[in-house]
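K.L.:
Following this message is one structure expressed as structure tokens.
Numbering (the numbering used here), first residue to last: 1 to 274.
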């Protein structure tokens with residue numbers, strides 16, 4: 001008996017694959033022709049634009065180095081200024097109205113091209129009513145040293161018993177010129193008072209700007225009730241004015257305004273004095 005085997009039909013090729021291949025070929029030809037059309041012909045190709053280069057910043061201006069005496073350390077400048085004013089010893093001892101006065105250099109301040117030597121002046125064995133102070137001298141640099149322009153031995157007042165100011169400093173907050181703040185005082189019959197002064201280092205020399213009551217205490221005098229007040233400078237406006245705020249048994253503020261080369265309190269102060 002003969003058995004016939006059935007033949008399997010060969011799988012049919014996918015029609016979709018053929019269409020994909022044809023589409024890809026057409027797309028490739030189209031892109032190639034487009035690229036040829038867009039490619040610039042000789043002479044039409046533009047050179048790439050040069051990238052913007054930021055200009056180089058100008059080199060900083062050279063700062064002139066100090067020369068002569070200004071190139072020396074501060075301590076050496078002070079020593080040379082002291083020898084210029086007071087001689088080889090760098091300090092002075094002289095006879096005053098209330099006794100021997102010893103003047104000791106304390107600080108050198110530059111005001112432009114002028115050097116200002118500030119020295120403390122103390123009276124040895126001074127009397128109760130005697131006061132010391134600050135000695136001020138203006139100098140000009142000369143090579144590696146100084147020459148003296150002018151000296152003011154009693155420029156700033158100090159405290160009783162021949163003492164210099166109990167506290168002093170140099171400030172640049174009041175205006176274009178440096179200003180010396182100096183506080184001094186004493187006790188008389190149980191009343192203790194202190195005053196501060198402002199002295200401007202002007203072009204022609206020191207100028208006293210104002211003297212302001214700073215502290216008051218009458219408890220030593222047996223006053224009932226006792227009054228104790230202390231003032232502090234506040235609200236400085238350069239070249240125009242400042243406040244003095246007092247605290248203690250009372251609290252109030254005095255306002256000082258500049259009038260020419262002086263300061264004056266606005267209205268009347270409530271601060272008692274000795």
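Even glycine gets a Cβ: it sits at the ideal position worked out from N, Cα and C.
#1: Does the stretch 162-182 come into contact with the stretch 211-218, if we say contact requires no fewer than three beta-carbon pairs (one atom in each stretch) closer than 8 Å?
#2: Enumerate in chain order the residues of its own chain whose CB-to-CB distance from residue 74 is below 8 Å, with the five nearest sequence positions on each side excluded.
#3: Can you tell me where the beta strand (DSSP E) holding residue 151 begins and where it ends?
#4: Taking the alpha-carbon positions, what's the residue 129 to residue 163 distance?
#5: What first and last residue would you give for the alpha helix (DSSP H) that runs through residue 86?
#6: In three-state terms, what does DSSP make of residue 69?
#7: So, for residue 29: in the same chain, excluding its five sequence neighbours on each side, which residues have a beta-carbon less than 7 Å away from its beta-carbon?
#8: When DSSP labels each residue in this structure, what does residue 225 get in the three-state scheme?
#9: Tell me residue 255's beta-bridge partners as DSSP assigns them.
#10: Here's the rule I'm using: 16 or more other beta-carbon atoms within 10 Å means buried, otherwise exposed. How should residue 193 be labelled?
#11: DSSP three-state label for residue 267, please.
#12: Is there contact between the stretch 146-158 and the stretch 65-84, where contact requires at least three CB pairs shorter than 8 Å?
#13: Please report the straight-line C-alpha distance between residue 244 and residue 257, rounded to a whole angstrom.
#14: How far does the beta strand (DSSP E) with residue 125 in it extend, from its first residue to its last?
#15: How is the beta strand (DSSP E) around residue 250 delimited, first residue to last?
#16: State the DSSP-derived secondary structure class of residue 96, mapped to helix, strand or coil.
P.N.:
By the coordinates alone:
#1: Fewer than three Cβ pairs drawn from the stretch 162-182 and the stretch 211-218 lie within less than 8 Å of each other, which leaves the two stretches out of contact.
#2: Leaving aside the five residues that flank residue 74 on each side, the residues in its chain whose CB is nearer than 8 Å to its CB run, in chain order, 108.
#3: 145-157 is the span of the beta strand (DSSP E), which, as asked, contains residue 151.
#4: When rounded, the distance between both Cα atoms is 11 Å.
#5: Residue 86 -> alpha helix (DSSP H) spans 74-86.
#6: DSSP places residue 69 in the helix class (H, G or I) of the three-state scheme.
#7: Because the pLDDT of residue 29 is 40, which lies under 50, any placement of that residue in the model is unreliable, and the question is left without a value.
#8: DSSP places residue 225 in coil when its eight states are reduced to three.
#9: Answer is 243, bridged to residue 255.
#10: Classification of residue 193: buried, given that the 10 Å Cβ count is 16 or more.
#11: Residue 267: coil per DSSP, three-state reduction.
#12: A contact exists between the stretch 146-158 and the stretch 65-84.
#13: When rounded, the distance between both Cα atoms is 11 Å.
#14: First-last for residue 125: undefined, no H or E at that position.
#15: Note, residue 250: premise wrong, no beta strand (DSSP E); not H, not E.
#16: Coil, per DSSP.
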